[in-house]
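The sequence shown begins at 40 in this note's numbering and counts up one residue at a time. Where a beta carbon is used, it is the ideal one built from N, C-alpha and C, also for glycine.
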Amino acid sequence: MAPSEQKHHFIPRFILRRFVPEDQPPAAPAAPIDKGRSPQRKQRRDFLVNKIDLERSVLTQRPVSTEFALVNMYRDPGFDENPYHLEKKLANLEGQVSSIVQRACDRFSQNLTLVLDRTELDRLRKFLFLMKYRNSGMFDRYNYDNVDQYQADDRERMISYMKASGFRKPRDVWFDNLRRFLDVEMDPARSWMHTLKAQMYPDDAMMMEIHIIWSFIAFCKPASSVDEFLLTQNAYCIFEGPSTIRMDPASQQVKSHSYTEYHNFAPLSPRLIIILRSHLLPSQGQDNEALREFRNQFAMFTQSQHLHPEKAKSILQDLPIQPCHTKYTEPDMRSSKSLRTSFRKTDKFEFQCFKISSRHTTLINNIFLEEAHVTSSVVYHSRESLKASLENYFKEATDGMKTIFKPFDRRSLYLNALEKILHGLESSVNCRKTILAPKILNYRVHMSLFVALEVAVELLQSEEVETLLPLPYLILKPGASKQNFWNDVEQAGLLMLLRIKVDRALNISPLTDSEKALVRENRQDFFMKFPTERLWLYLKISRNMNKFHSDDFTKRIAALDLKGVEDEFVSYIASESSPERRSILVFYTGTKTGTCLWLGDTSPSWAECTKYTDGGTKGPFDCTADDFKDAYSFIIRSGDFRLAGAGSADSGNCQDGFSSSETGCQVKHVRGFTPN
Numbered sequence: 040m041a042p043s044e045q046k047h048h049f050i051p052r053f054i055l056r057r058f059v060p061e062d063q064p065p066a067a068p069a070a071p072i073d074k075g076r077s078p079q080r081k082q083r084r085d086f087l088v089n090k091i092d093l094e095r096s097v098l099t100q101r102p103v104s105t106e107f108a109l110v111n112m113y114r115d116p117g118f119d120e121n122p123y124h125l126e127k128k129l130a131n132l133e134g135q136v137s138s139i140v141q142r143a144c145d146r147f148s149q150n151l152t153l154v155l156d157r158t159e160l161d162r163l164r165k166f167l168f169l170m171k172y173r174n175s176g177m178f179d180r181y182n183y184d185n186v187d188q189y190q191a192d193d194r195e196r197m198i199s200y201m202k203a204s205g206f207r208k209p210r211d212v213w214f215d216n217l218r219r220f221l222d223v224e225m226d227p228a229r230s231w232m233h234t235l236k237a238q239m240y241p242d243d244a245m246m247m248e249i250h251i252i253w254s255f256i257a258f259c260k261p262a263s264s265v266d267e268f269l270l271t272q273n274a275y276c277i278f279e280g281p282s283t284i285r286m287d288p289a290s291q292q293v294k295s296h297s298y299t300e301y302h303n304f305a306p307l308s309p310r311l312i313i314i315l316r317s318h319l320l321p322s323q324g325q326d327n328e329a330l331r332e333f334r335n336q337f338a339m340f341t342q343s344q345h346l347h348p349e350k351a352k353s354i355l356q357d358l359p360i361q362p363c364h365t366k367y368t369e370p371d372m373r374s375s376k377s378l379r380t381s382f383r384k385t386d387k388f389e390f391q392c393f394k395i396s397s398r399h400t401t402l403i404n405n406i407f408l409e410e411a412h413v414t415s416s417v418v419y420h421s422r423e424s425l426k427a428s429l430e431n432y433f434k435e436a437t438d439g440m441k442t443i444f445k446p447f448d449r450r451s452l453y454l455n456a457l458e459k460i461l462h463g464l465e466s467s468v469n470c471r472k473t474i475l476a477p478k479i480l481n482y483r484v485h486m487s488l489f490v491a492l493e494v495a496v497e498l499l500q501s502e503e504v505e506t507l508l509p510l511p512y513l514i515l516k517p518g519a520s521k522q523n524f525w526n527d528v529e530q531a532g533l534l535m536l537l538r539i540k541v542d543r544a545l546n547i548s549p550l551t552d553s554e555k556a557l558v559r560e561n562r563q564d565f566f567m568k569f570p571t572e573r574l575w576l577y578l579k580i581s582r583n584m585n586k587f588h589s590d591d592f593t594k595r596i597a598a599l600d601l602k603g604v605e606d607e608f609v610s611y612i613a614s615e616s617s618p619e620r621r622s623i624l625v626f627y628t629g630t631k632t633g634t635c636l637w638l639g640d641t642s643p644s645w646a647e648c649t650k651y652t653d654g655g656t657k658g659p660f661d662c663t664a665d666d667f668k669d670a671y672s673f674i675i676r677s678g679d680f681r682l683a684g685a686g687s688a689d690s691g692n693c694q695d696g697f698s699s700s701e702t703g704c705q706v707k708h709v710r711g712f713t714p715n
């Protein structure tokens, strides 16, 4: 029998519970104790955390039990008898570290120091590294069934290792590495470093060594009582330091060229964080002059690997932290080598909690927010602190932050979502972005694409039900993914751009009116070939172009109008079970008094049309022939369209705007999208 599915946290519950706000809904009545459950083991209440849902661009609350968790994340397929052995080992480590964190919180709240022995410190250091390695981002790096899908920068070394070790899937390498990390005994002599390199993928063994040996840890809290740390989905696996990126002209993908990790982070609560500082940076209390000189030389070499070495510095270099005070049980101070051989489990490490300024707290939160664009949620403690953090991030002018390569890239969508959230918190601060368009791409942002993005984000926010995509869009395109949606948004924006370009060209063209009409008709025929859901988005973009300033289209001058007659078409489809309803004829005509809409697959009379006012509400009267005279019109799906009451085709007496045919009077240019 296959084991049941489990939710596995990549950020433990004991940390999430420290971000729980005081304002909680009333507790549910206690459930009766299961017969198989020990009476002493009480079920803990599932508290709610505040979060930004980046999938829907809204603020919400979610249970601790479901946040920052994936189904069967640590289910090891190589252990059929005990597939969840990794989760059990992680839970055991988390239990040990949670007591250390509790002691730290208690001691620092009394302005006292925290003392750990070497075993406890090594346990904490292993936990902090595994928080980096087990994160969803690292899991996604390996989560493939075939090595051909693995595209990380160590691809060639990974292929060689998998062949030599008999692995078939990159995911199996991750499971094996995780098991090795959990099982290794971190002895005082540090022989564990050689053990890992011999037993597992060497690159990741070196990753743990660098994380633990080449940095020191410092506990920090905000000096200001109103400052708080955010908890992003990837907070434990991001770093502060220079990163040189390059654009691949062939794939148009941004790729990392070189990076340096000066600081890593481990938020423990809104008011407490562990910062891991690289020994590449100078700190008070470092070793002798010779060792400092060696580190300076190595730091210079590291900086030289970047495109601009003079800029490859740390924005947190002046952070007022230093290594802990160490008390060796049997110290041998003759040399650094002799000192390492004298390490004992009973060595003591005394930590103080450093108070950091609002500027440093802001910089750390800015780093979290800068890297959260690849995630789906951000946990925060209070709305006031969230508002301040977003405002500070939007105002930040640090070179390289909030850089957009294309108008519809993931960071661009993310920043727009945060901007909506911040404005919802009654802030007027707008995001200060840098649009970096590589010359080789010659990619410029047009107003049509900007408006398309704004409309799409507001559509996502306007949904009352908790769907990841607008419900009308899902009706038109069942089973659509978020990637499908954003692709259709971009394509709808390009349709708007094409319409603008064609109209602009026709305005200065020497063509006759009839020739211009033919061009527009051909354009309209071209538009009719696109999917209905894309045209649904196009109509909303078209209707909202005038809601933005013509000289600076990043400034909105009126509220967006998201409701329109195209939604009646969607409602009609939703009310019918037949899939053929998706290809019915829709006739829409704009008049001076409002809008006439008819939905159906048979020929209507005037009385079967329904008039809408400009606000989109039904009027007290039906459409008449006058409503169609001198009006613009289009259909979303073409077909044989006849209107009773338009005149007599037999006598050639069709009204203006209609032409005679064998089946009666028909609308001229029924394929037309609304011209100016």
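Quick check on the burial criterion: 16 or more other C-beta atoms within 10 angstroms. Buried or exposed for residue i?
{"i": "ARG57", "result": "buried"}
{"i": "VAL103", "result": "buried"}
{"i": "SER317", "result": "buried"}
{"i": "LEU151", "result": "exposed"}
{"i": "MET339", "result": "exposed"}
{"i": "SER424", "result": "buried"}
{"i": "PRO309", "result": "buried"}
{"i": "SER617", "result": "Because the pLDDT of SER617 is 45, which lies under 50, any placement of that residue in the model is unreliable, and the question is left without a value."}
{"i": "ALA351", "result": "buried"}
{"i": "LEU557", "result": "exposed"}
{"i": "GLN323", "result": "exposed"}
{"i": "ILE252", "result": "exposed"}
{"i": "PRO64", "result": "exposed"}
{"i": "VAL88", "result": "buried"}
{"i": "GLY678", "result": "Unreliable placement is indicated for GLY678, whose pLDDT of 32 sits below 50; the coordinate value is still reported in the next sentence. Its Cβ having fewer than 16 others within 10 Å, GLY678 is exposed."}
{"i": "VAL722", "result": "Absent from the structure is residue 722, since the part of the chain shown begins at 40 and ends at 715."}
{"i": "ARG471", "result": "exposed"}
If you follow the alpha helix (DSSP H) that residue i is in, where does it begin and where does it stop?
{"i": "LEU574", "result": "571-582"}
{"i": "GLN100", "result": "No alpha helix (DSSP H) contains GLN100, which is instead part of the beta strand (DSSP E) from 97-102."}
{"i": "PRO511", "result": "510-515"}
{"i": "HIS399", "result": "397-410"}
{"i": "LYS555", "result": "552-566"}
{"i": "GLU529", "result": "521-546"}
{"i": "ALA237", "result": "231-238"}
{"i": "VAL265", "result": "Unbroken run through VAL265: none, as it is neither H nor E."}
Rank the options by C-alpha distance to the C-alpha of residue i and give the top, closest one.
{"i": "ASN182", "options": "SER415, PRO306, VAL212 and VAL494", "result": "VAL212"}
{"i": "LEU153", "options": "ILE256, ALA597 and GLU560", "result": "ILE256"}
{"i": "LEU355", "options": "SER396, SER381, VAL490 and ARG383", "result": "SER396"}
{"i": "VAL496", "options": "LEU457, MET486 and MET112", "result": "LEU457"}
{"i": "PHE536", "options": "MET584, SER322, TYR200 and LEU461", "result": "For the sequence presented, residue 536 should be read as Leu rather than Phe. That would be MET584, whose Cα lies nearest to the Cα of LEU536."}
{"i": "ASP386", "options": "GLU159, ARG52, PRO64 and ASN131", "result": "GLU159"}
{"i": "LEU319", "options": "CYS259, LEU452, ARG334 and VAL490", "result": "ARG334"}
{"i": "ARG146", "options": "LYS568, ALA203, GLU389 and ASP552", "result": "GLU389"}
{"i": "GLU37", "options": "LYS236, VAL59, LYS540 and GLU44", "result": "Coverage of the chain is limited to positions 40 through 715, which leaves residue 37 absent and any answer about it impossible."}
Less than 6 Å between C-beta atoms, sequence neighbours within five positions excluded: which residues of the same chain meet that for residue i?
{"i": "VAL140", "result": "LEU307"}
{"i": "ASN431", "result": "THR401"}
{"i": "TYR113", "result": "HIS47, LEU125 and GLU126"}
{"i": "SER175", "result": "PHE49"}
{"i": "LEU311", "result": "LYS260"}
So, at 7 Å on beta carbons, what are the nonlocal neighbours of residue i in its own chain, with the 5 sequence-adjacent residues on each side left out?
{"i": "SER290", "result": "Low per-residue confidence applies at SER290: pLDDT is 49, beneath 50, and the placement is therefore not dependable, though the value from the model is reported in the following sentence. Result list for SER290: empty, nothing under 7 Å."}
{"i": "MET225", "result": "ASP161, LYS165 and TRP231"}
{"i": "THR99", "result": "LYS90 and ASP92"}
Identify the continuous beta strand (DSSP E) that holds residue i and give its terminal residues.
{"i": "HIS462", "result": "Segment 449-463 is the alpha helix (DSSP H) holding HIS462; no beta strand (DSSP E) there."}
{"i": "LEU311", "result": "311-317"}
{"i": "TYR181", "result": "Unbroken run through TYR181 is the alpha helix (DSSP H), 175-181; no beta strand (DSSP E)."}
{"i": "GLU389", "result": "387-390"}
{"i": "LYS602", "result": "Run containing LYS602: none; DSSP gives neither H nor E here."}
{"i": "THR365", "result": "364-366"}
For residue i, I'd like the list of residues in its chain whose CB is within less than 8 Å of its CB, leaving aside the five on either flank, ordered along the chain.
{"i": "ARG383", "result": "ARG157, PRO227, TYR367, THR368 and GLU369"}
{"i": "VAL413", "result": "GLY176, ASN273 and ARG449"}
- Query: When the Cβ atoms of the segment 531-545 are set against those of the segment 512-523, are three or more pairs found closer than 8 Å?
  - Reply: no
Quick test of the definition: if touching needs 3 or more C-beta pairs under 8 Å, does the segment 238-253 touch the segment 205-219? With a cut-off of 8 Å, the segment 205-219 and the segment 238-253 count as touching, because enough Cβ pairs lie within range.
- Report yes or no: do three or more beta-carbon pairs, one from the segment 224-232 and one from the segment 350-366, lie closer than 8 Å? No contact exists between the segment 224-232 and the segment 350-366.
* Three-pair Cβ contact test at 8 Å for the segment 342-349 versus the segment 127-138 -> no
### Message
Three Cβ pairs or more, each shorter than 8 Å: is that satisfied between the segment 406-416 and the segment 268-280?
### Response
yes
### Task
Count the C-beta pairs between the segment 185-205 and the segment 412-427 that are closer than 8 Å, then say yes if the count reaches three, no if not.
no
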